[in-house]
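Under the numbering used here, think of the first position of the sequence shown as 94, with each following residue one higher. For each residue, glycine too, the CB sits at the ideal point set by N, CA and C. Working notes for the structure below.
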Amino acid sequence: MAFAPVRSQDRLVSDLPGSRPEFAIDRLFLQNNHDTWPWMMTMARWAVIPLSLAGAVTAFRWAREAFGETSGWIALVFWTFDPNILGNEALVAPDLGGSSMGLVAGYLFWRWLGQPNWSRAFFAGGGLGLALLSKSTLLIMGPLWVVSWGVYRWRQGTLRVRWRPEARQLALVLILAVYFLNLGYGFSGTGTRFGLSSFPELSGETGRRAKRPATGFVGHSWNMFPCRCREGF
């Protein structure tokens, strides 16, 4: 969202495998846009405002539905005046978006867990997909949701009775999340096998292929994730 206003500009950094553009883009951005950067940064920051509002509304609704009206207002105040939230609201970075979308996804999953149905499963899957698009470290939410669902139903004593229909709905949640993740990346590289080109060695050398893989994923068929998402690892 914040990058949308500057998509029309020339490429500012290298796209070589293993490059970390976030470490150099600030200087290059100012050099290439010395006349217009204040306005471009303003527009980018405006684009982050809806993400903060989404987190505030979700915090209020979740706490109110779980613990009552007073708890909702307390959660809203905590979100609004939290130093981390206030600091990241002024930054064109994924942290605020990841926090907000992670909160939205968690709230939608909590609603599905309380009253499972296909409609709520659909929204939970969409929320998880948005969370994955916001910050790649939120991939942990998928496995965590599966474990949380199993433990919650087991403690209720209803796992044996309810696992079959709810497992199908939970599978829909995960499938939709992967679909929306690929949709956000335009299905770039979806279906391709992992290889050395997917995980470059961060040796600082450029212009040649890495000698060895940077992770243990190489050779496996984890091809459900778009290539741009995999490069983040």
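Query - L223 at chain D interface by Cβ criterion, 7 Å - result: In summary, chain D is missing from the structure at hand, where a single protein chain is found.
Query - Cβ-based burial, P131 [other Cβ within 10 Å; buried from 16] - result: In the sequence shown, residue 131 corresponds to position 38, counting from 1. With fewer than 16 other Cβ atoms within 10 Å, it is exposed.
Query raised in the report: What are the complete alpha helix (DSSP H) segments, minimum 4 residues, inside the region 231-276?
Result: Every alpha helix (DSSP H) stretch that sits fully inside the region 231-276 and reaches 4 residues is listed by chain position as 234-249.
**Report entry** Runs of alpha helix (DSSP H) lying entirely within the region 191-216, each at least 4 residues, in chain order
**Finding:** For the region 191-216, not a single whole alpha helix (DSSP H) run of length 4 or above is found.
Query raised in the report: Quick one: Cα of D128 to Cα of G243, how far?
Result: One-based indexing of the sequence shown puts residue 128 at position 35. One-based indexing of the sequence shown puts residue 243 at position 150. Rounded to whole angstroms, the separation of the alpha carbons of G243 and D128 is 56 Å.
Report task. Tell me, to the nearest whole angstrom, how far the beta carbon of S227 is from that of G190; I am working on the premise that it is less than 8 Å. Result -> Numbered from its first residue, the sequence shown carries residue 227 at position 134. Numbered from its first residue, the sequence shown carries residue 190 at position 97. 4 Å between Cβ atoms; contact.
**Report entry** Extent of the continuous alpha helix (DSSP H) run through A183
**Finding:** Taking the sequence shown and counting its residues from 1, one reaches residue 183 at position 90. Per DSSP, A183 is not a residue of any alpha helix (DSSP H), being assigned neither H nor E.
Query raised in the report: Is it true that the CB of A270 sits closer than 7 Å to the CB of G195?
Result: Sequence index remark: in the sequence shown, residue 195 carries index 102 (1-based). Sequence index remark: in the sequence shown, residue 270 carries index 177 (1-based). Going by C-beta atoms, G195 is not nearer than 7 Å to A270.
**Report entry** Secondary structure of D175, DSSP reduced to three states
**Finding:** One-based indexing of the sequence shown puts residue 175 at position 82. The answer is coil: DSSP assigns D175 none of H, G, I, E or B.
Requested in this report: Work out the CA separation of E182 and A137 for me, nearest whole Å.
Outcome: Counting from 1 along the sequence shown, the entry for residue 137 is found at position 44. Counting from 1 along the sequence shown, the entry for residue 182 is found at position 89. Rounded to whole angstroms, the gap between the alpha carbons of A137 and E182 is 11 Å.
Query - Residue interval of the alpha helix (DSSP H) (run including T135) - result: The sequence position of residue 135 within the sequence shown is 42, counting from 1. Annotation: the continuous alpha helix (DSSP H) that includes T135 extends over 130-160.
Requested in this report: Counting only the same chain and skipping the five closest in sequence on each side, list residues whose C-beta sits under 6 Å from that of L267.
Outcome: If you number the sequence shown from 1, residue 267 lands on position 174. Non-local C-beta neighbours of L267 in its own chain, meaning closer than 6 Å and more than five positions away in sequence, comprise G235, ordered along the chain.
Query - Span separating the alpha-carbon of T163 from that of V150 - result: In the sequence shown, counting from the first residue as 1, residue 163 sits at position 70. In the sequence shown, counting from the first residue as 1, residue 150 sits at position 57. Taken atom to atom, the span from the alpha-carbon of T163 to that of V150 is near 14 Å.
Report task. Below 6 Å CB to CB, which residues in the same chain sit around W155 once its five sequence neighbours on both sides are set aside? Result -> Numbered from 1 along the sequence shown, position 62 holds the residue referred to as residue 155. Taken in chain order, the residues that qualify are Y200.
Requested in this report: Starting from the C-beta of L252, find all residues in its chain whose C-beta is less than 6 Å away, skip the five residues before and the five after it, and write them out in chain order.
Outcome: Here residue 252 is taken as the residue at index 159 of the sequence shown, counted from 1. The residues are R246.
Report task. For G279, name the three-state secondary structure that DSSP assigns. Result -> Taking the sequence shown and counting its residues from 1, one reaches residue 279 at position 186. Three-state DSSP puts G279 in coil, outside helix and strand.
Query raised in the report: How many whole angstroms separate the CB atoms of G218 and L276, which I take to be in contact at a CB cut-off of 8 Å?
Result: Here the question's residue 218 lines up with position 125 in the sequence shown. Here the question's residue 276 lines up with position 183 in the sequence shown. Not a contact, Cβ separation roughly 12 Å.
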